[in-house]
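Worksheet: the structure to be examined is printed underneath.
Protein chains: 2
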Amino acid sequence: MQQVEICFSPELIHLHELQGKLVVVVDIFRATSTMVAALANGISEIKTCADLEECRAMASSGYLIAGERNGIKAEGFQLGNSPLAYLSGEHQSQKLAMTTTNGTLAISKSAGADEILIGSFPNLQATVSYIQSRDKDVLIHCAGWKGKFNLEDSLYAGALVKALERTHEAEDDGAIAMKSLYEKEGHNLKGFLSQASHAKRLQNHNIDSDIDFCLTLDLFSLVGKVENGILTGIKL
Amino acid sequence: MQQVEICFSPELIHLHELQGKLVVVVDIFRATSTMVAALANGISEIKTCADLEECRAMASSGYLIAGERNGIKAEGFQLGNSPLAYLSGEHQSQKLAMTTTNGTLAISKSAGADEILIGSFPNLQATVSYIQSRDKDVLIHCAGWKGKFNLEDSLYAGALVKALERTHEAEDDGAIAMKSLYEKEGHNLKGFLSQASHAKRLQNHNIDSDIDFCLTLDLFSLVGKVENGILTGIKL
Numbered sequence: 008m009q010q011v012e013i014c015f016s017p018e019l020i021h022l023h024e025l026q027g028k029l030v031v032v033v034d035i036f037r038a039t040s041t042m043v044a045a046l047a048n049g050i051s052e053i054k055t056c057a058d059l060e061e062c063r064a065m066a067s068s069g070y071l072i073a074g075e076r077n078g079i080k081a082e083g084f085q086l087g088n089s090p091l092a093y094l095s096g097e098h099q100s101q102k103l104a105m106t107t108t109n110g111t112l113a114i115s116k117s118a119g120a121d122e123i124l125i126g127s128f129p130n131l132q133a134t135v136s137y138i139q140s141r142d143k144d145v146l147i148h149c150a151g152w153k154g155k156f157n158l159e160d161s162l163y164a165g166a167l168v169k170a171l172e173r174t175h176e177a178e179d180d181g182a183i184a185m186k187s188l189y190e191k192e193g194h195n196l197k198g199f200l201s202q203a204s205h206a207k208r209l210q211n212h213n214i215d216s217d218i219d220f221c222l223t224l225d226l227f228s229l230v231g232k233v234e235n236g237i238l239t240g241i242k243l
Numbered sequence: 008m009q010q011v012e013i014c015f016s017p018e019l020i021h022l023h024e025l026q027g028k029l030v031v032v033v034d035i036f037r038a039t040s041t042m043v044a045a046l047a048n049g050i051s052e053i054k055t056c057a058d059l060e061e062c063r064a065m066a067s068s069g070y071l072i073a074g075e076r077n078g079i080k081a082e083g084f085q086l087g088n089s090p091l092a093y094l095s096g097e098h099q100s101q102k103l104a105m106t107t108t109n110g111t112l113a114i115s116k117s118a119g120a121d122e123i124l125i126g127s128f129p130n131l132q133a134t135v136s137y138i139q140s141r142d143k144d145v146l147i148h149c150a151g152w153k154g155k156f157n158l159e160d161s162l163y164a165g166a167l168v169k170a171l172e173r174t175h176e177a178e179d180d181g182a183i184a185m186k187s188l189y190e191k192e193g194h195n196l197k198g199f200l201s202q203a204s205h206a207k208r209l210q211n212h213n214i215d216s217d218i219d220f221c222l223t224l225d226l227f228s229l230v231g232k233v234e235n236g237i238l239t240g241i242k243l
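From first to last, the protein sequence lines are chains X and H.
The first sequence begins at 8 in the working numbering and counts up one residue at a time.
The second sequence begins at 8 in the working numbering and counts up one residue at a time.
See the structure below:
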């Protein structure tokens, strides 16, 4: 058996060994869900940027630019952080530069891992299949919310621990806890998450359909993988 | 309604507002359980120390000294961190100086709160009654394990959120998650926790009876309260 562990916040990642591990970065509402939607709908690659300025500068290199701060599209950007914007396929073969509040930080702080994937509910099973084709311990790195534990990322982590139980043992207390919580609440994700602080924030922005998308399982047979700061899709 | 939130690790406490709040520090295996056992069995006050040297020095001021590192009694100390050592009442009216791996850190990092209590399963209901006699928001500060989320502290936090639901609303995602997890696993705490990393470590030290004690509800009608670094018991 390999092992699987959870880091609930980028602020705790220094407590985890990254070397040799396959890290799955997760920011369910909405960065990693949007990345997976974009890659599955024709975007050829995504560059994740540390801040809005770095991202804005990519426009002159032919990138579409997507920027969000605190859940709202940033001024001067072509796209925000809604996964639905990509589903039409109109951005076929374009490159995307993207920055988000928490997700980009979690990716950059995963540097040093053997492999870095991007996780979301819409490609959960594809991610499981990919992981099970490798022979590595897994660290699920939740982007959280401003450094804190958040419910949607943690429940995804629990779903992934559960889905990996044939090959990966829950190594730490976080993995044990979230697997159990997903077993209890997984049948009613949206109802349970509607209590969450972040879901309430999103409701304020009228993006209920984004939430539905982000909580839908297995729409895409695609894995998102980061190499040298560039995210691409691997079709399974 | 007042509010209740959870901080899963002293490494995340800077993300929480302490001012005006009632903080409950919890280190179930075994610091805060032992503190409550000691106060309920005659120890008049407990001084929590940042390190073994500070604690050792208290012996010359007439304190009993209790010190533990990584689950084992430290060399030269009269007591370790077992709650059972106090149940005989043989230390009646003595003062105790105590240091532990994670618990002392969580107490010192709670400075700035309006009130600081010490939580344990053996005095859960007393702590609930005390809190409900105040009119304050509650922050449950889990000592964790070397900075990480741990299962026993988090489940206690969930039990406390659940017990407070008449007067305190779960304010953050951690409180929502742990309340739900306690609802699922609370009837079988020991079985569920036997999977936890810390419980496995404790089993290696042959302290199964300590674990039983630490998971027993409502043995004592006593609240542990820290003021100016000194912990005393309030009998209800």
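Quick reminder that beta carbons are idealized off the backbone N, C-alpha and C, glycines included.
| request: Check whether the segment 66 to 77 of chain H touches the segment 156 to 165 of chain H, counting contact only when three or more Cβ pairs, one atom from each stretch, lie closer than 8 angstroms. | output: They do not touch, by the three-pair rule.
| According to DSSP, is Met8 (chain H) helix, strand or coil? | If you number the second sequence from 1, residue 8 (chain H) lands on position 1. Three-state result, Met8 (chain H): coil.
| field | Extent of the continuous beta strand (DSSP E) run through Met105 (chain X) | value | As a working mapping, residue 105 (chain X) is identified with position 98 in the first sequence. Annotation for Met105 (chain X): the continuous beta strand (DSSP E) segment containing it runs 102 to 106.
| Whose Cβ in chain H lies nearer than 7 angstroms to the Cβ of Glu192 (chain X)? | Reading the first sequence from its first residue, position 185 is the one you call residue 192 (chain X). Under the 7 angstroms cutoff, chain H gives Ser187.
| 8 angstroms contact criterion, which Ala92 (chain X) and Ala150 (chain X) should meet: CB distance rounded | Locating residue 92 (chain X) in the first sequence gives position 85, counting from the first residue. Locating residue 150 (chain X) in the first sequence gives position 143, counting from the first residue. For a cut-off of 8 angstroms, the C-beta gap from Ala92 (chain X) to Ala150 (chain X) is around 20 angstroms, too long to register as a contact.
| Taking DSSP as the reference, what is the three-state secondary structure of Gly236 (chain X)? | For this step, residue 236 (chain X) is matched to residue 229 along the first sequence. In the structure shown, Gly236 (chain X) sits in coil (DSSP, three-state: anything other than H, G, I, E or B).
| task | Taking only the alpha-carbon atoms, compute the straight-line gap between Ile183 (chain X) and Ala64 (chain X) and give it to the nearest angstrom. | result | For the purposes of this step, residue 183 (chain X) is identified with residue 176 of the first sequence, where counting begins at 1. For the purposes of this step, residue 64 (chain X) is identified with residue 57 of the first sequence, where counting begins at 1. Each residue's CA atom was taken as its position, placing Ile183 (chain X) and Ala64 (chain X) some 43 angstroms apart.
| request: Note down, in chain order, each residue of its chain lying with its Cβ closer than 6 angstroms to the Cβ of Leu34 (chain X), except the 5 sequence neighbours on either side. | output: Translated into positions along the first sequence, residue 34 (chain X) becomes position 27. The sequence given here has Asp at residue 34 (chain X), not Leu. Excluding sequence neighbours, Asp34 (chain X) sits near Asn109, Gly110, Ala150.
| request: Starting from the C-beta of Ser1 (chain X), find all residues in its chain whose C-beta is less than 6 angstroms away, skip the five residues before and the five after it, and write them out in chain order. | output: Because residue 1 (chain X) is not part of the residues shown, which for chain X are 8 to 243, the question remains open.
| field | N- and C-terminal bounds of the beta strand (DSSP E) containing Thr55 (chain H) | value | Here residue 55 (chain H) is taken as the residue at index 48 of the second sequence, counted from 1. Segment 52 to 55, the beta strand (DSSP E) holding Thr55 (chain H).
| Considering only C-alpha positions, which residue in the set H:His194, H:Val230, H:Ser204, H:Lys186 is nearest to Leu167 (chain H)? | The residue you call residue 167 (chain H) lines up with position 160 of the second sequence. Cα-wise, what sits closest to Leu167 (chain H) is H:Lys186.
| With DSSP run on the structure shown, which of helix, strand or coil describes Lys186 (chain H)? | As a first step, residue 186 (chain H) is located in the second sequence; it is residue number 179 there, counting from the start. Looking at Lys186 (chain H) - three-state DSSP - the assignment turns out to be helix.
| task | Please check if any C-beta of chain X sits within less than 8 angstroms of the C-beta of Asn157 (chain H). | result | The sequence position of residue 157 (chain H) within the second sequence is 150, counting from 1. Chain X, which has a Cβ nearer than 8 angstroms to the Cβ of Asn157 (chain H), makes this yes.
| query | DSSP three-state call for Lys242 (chain H): helix, strand or coil? | reply | Residue 242 (chain H) sits at position 235 when you count from the first residue of the second sequence. The answer is strand: DSSP assigns Lys242 (chain H) an E or B state.
| said: What does the alpha-carbon distance come out to for the pair Arg76 (chain H) and Leu46 (chain X)? | reply: Your numbering for residue 76 (chain H) matches position 69 in the second sequence. Your numbering for residue 46 (chain X) matches position 39 in the first sequence. C-alpha separation (whole angstroms): 49 angstroms.
| Candidates H:Gly74, H:Phe156, H:Gly27, of which the one nearest Pro17 (chain H) by Cα | Start at 1 with the first residue of the second sequence, and residue 17 (chain H) comes out as number 10. For the residues H:Gly74, H:Phe156, H:Gly27, the minimum Cα distance to Pro17 (chain H) belongs to H:Phe156.
| message | When you compare the CB of Phe36 (chain H) with every CB in chain X, is at least one pair closer than 8 angstroms? | response | On the second sequence, residue 36 (chain H) is found 29 positions in, with the first residue counted as 1. So, not an interface residue.
| Counted within 10 angstroms of its Cβ, other Cβ atoms place Asn130 (chain H) as buried (16 or more) or exposed | Numbered from its first residue, the second sequence carries residue 130 (chain H) at position 123. Asn130 (chain H) comes out buried.
| query | Hey, quick one: how far does the beta strand (DSSP E) through Arg76 (chain H) stretch, first residue to last? | reply | Here the question's residue 76 (chain H) lines up with position 69 in the second sequence. Segment 71 to 76, the beta strand (DSSP E) holding Arg76 (chain H).
| field | Contact check, Ser40 (chain X) vs Pro90 (chain X), beta carbons under 8 angstroms | value | What you label residue 40 (chain X) is simply residue 33 of the first sequence in a count that begins at 1. What you label residue 90 (chain X) is simply residue 83 of the first sequence in a count that begins at 1. Yes, they are a contact pair.
| request: Please state whether DSSP places Gly165 (chain H) in a helix, a strand or coil. | output: Locating residue 165 (chain H) in the second sequence gives position 158, where the first residue counts as 1. Collapsing the DSSP output to three states places Gly165 (chain H) in a helix.
| query | What's the C-alpha gap between His148 (chain H) and Leu158 (chain H)? | reply | Locating residue 148 (chain H) in the second sequence gives position 141, where the first residue counts as 1. Locating residue 158 (chain H) in the second sequence gives position 151, where the first residue counts as 1. Their Cα atoms are separated by approximately 13 angstroms.
| query | Who are the neighbours of Ile183 (chain H) on chain X, taking C-beta pairs under 7 angstroms? | reply | By 1-based counting over the second sequence, the position of residue 183 (chain H) is 176. Taking a Cβ-Cβ cut-off of 7 angstroms, the neighbours of Ile183 (chain H) in chain X comprise Leu158, Gln202, Ala203, given in sequence order.
| request: Identify each residue in the segment 16 to 34 of chain X for which the Cβ-Cβ distance to at least one residue of chain H is less than 7 angstroms, and report them in chain order. | output: Contact annotation: in the segment 16 to 34 of chain X, residues whose CB is within less than 7 angstroms of a CB in chain H are Ser16, Glu18, Leu19, Leu22.
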